[in-house]
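Working notes, structure below.
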Amino acid sequence: MPGTFTDSKAQERYFAAYAKVLRKWPVPSEELDIATKFGPTRVRRSGPEEGAPIVLLHGIMGSSLSWYPHLAELAARHPVYAIDSIGEPGRSVETLAASTDDDLAEWLSEVLAALSPEKVYLAGVSRGGFLALNLAIRSSGQIAGVIGLEPAGFAAISIPKFILWSGKEIFPWLLPAALQRRIVAGDPAVRHTLRPLLFASFKYKAELPPQHVFTDDELRAIEVPVRLVLGERSHIHRASEVAARVAKLNPRISTEIVPGTTHALTLQQPDLVTARVLEFVEANPS
């Protein structure tokens, strides 16, 4: 069953919040609706015509707008495509459920085929990182490289533990900026901007495939450069174990563990995240 909002009012509230966050997009952009087997997919294109294309994939139950703090620097030298993932809140509309990992790879492949004749660099956060690796495992024809920022897919995720962590992570979003600065890393203004969109997304009923854990054979099958940037205190996997595992399996996969960070790495270290994406793209010419 395709994902949908619980009712029309919930949808209206979400898109009102979406419109407000969109005003923070720091550079000119063009909105594209890409037809796919699973429904129209909204993509926001920014940046120059020339340069290595970067495709951005957001975390679970998020949207392309979560990338707004990074766009000015990324789009200064590269064409950047920020996707609203199918089956999640955002401007994409799921008409046929993407119910398997093969479906997800097919959906993303269709989007990439419509965006650029060149190979693209995929940058994904959490579930977005999983989506990028999920495609890279199956086919490298459209991909120049993958940078996964705290990507899912390296350990089974306990739903109760994830909910508990999420609650602890979200609580500081409710606090005044001055207090936020004392207890959490990152820019309070970003959390303040994204907060209404986050809360409105709770009224979206997603029907996502169960979270798959990559097998050794799948990780060995990746034929493009991959960079994993992991939070030292991540709750979805043990970063040191992930790093040791992939080092044994595939020389194309490298890792960095960022001290003191959690699964909220992109909020805690936004400047580092932007820098690592640019460094990866420029160090691995297609």
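122 is the number that the numbering used here gives to position 131 of the sequence shown; each next residue is one higher, with no gaps. Even glycine gets a Cβ: it sits at the ideal position worked out from N, Cα and C. What you are looking at is a predicted structure, and each value in this text was computed from that prediction instead of being measured.
DSSP places ILE174 inside the alpha helix (DSSP H), whose first and last residues are 168 to 174. TYR9 sits close to LEU56, with the two beta carbons spaced by under 8 Å.
Of the other Cβ atoms in all chains shown, fewer than 16 fall within 10 Å of the Cβ of SER(-1); this residue is therefore exposed. Cβ neighbours of GLU101 within its own chain (closer than 7 Å, five residues either side excluded): THR27 and LYS28. The C-beta of ILE45 has 16 or more other C-beta atoms within 10 Å across all chains shown, which makes the residue buried. Residue environment: PRO80 is assigned as buried (16 or more neighbouring CB atoms within 10 Å of its CB, all protein chains considered). Counting along the chain, no alpha helix (DSSP H) covers LEU56, and no H or E run does either.
Rounded to the nearest angstrom, the gap between the Cα atoms of GLU198 and VAL34 is 21 Å. Within its own chain, no residue has a Cβ closer than 6 Å to the Cβ of SER231 once the five positions on either side in sequence are excluded. Ranking LEU99, ILE77, ARG243 and GLU247 by CA distance to the CA of ARG229 puts GLU247 first.
The region 85 to 98 makes no contact with the region 107 to 114, as fewer than three CB pairs between them are under 8 Å. Here PRO250 has GLU223 as same chain residues with Cβ atoms under 7 Å from its own Cβ, once five neighbours each way along the sequence are excluded. Exclusion of the five residues before and after SER225 leaves GLU141, THR253 and HIS254 as the residues of its chain whose Cβ lies within less than 7 Å of its Cβ. Around the beta-carbon of LEU124, 16 or more other beta-carbon atoms lie within 10 Å, marking it buried. Excluding sequence positions up to five before and after SER192, its CB lies within less than 7 Å of the CB of TYR5, MET52 and PRO80, all in the same chain and listed in chain order. Between VAL18 and LEU62, the beta carbon gap of about 6 Å places them in contact (Cβ cut-off 8 Å). For a cut-off of 8 Å, the C-beta gap from VAL12 to LEU185 is around 6 Å, short enough to register as a contact.
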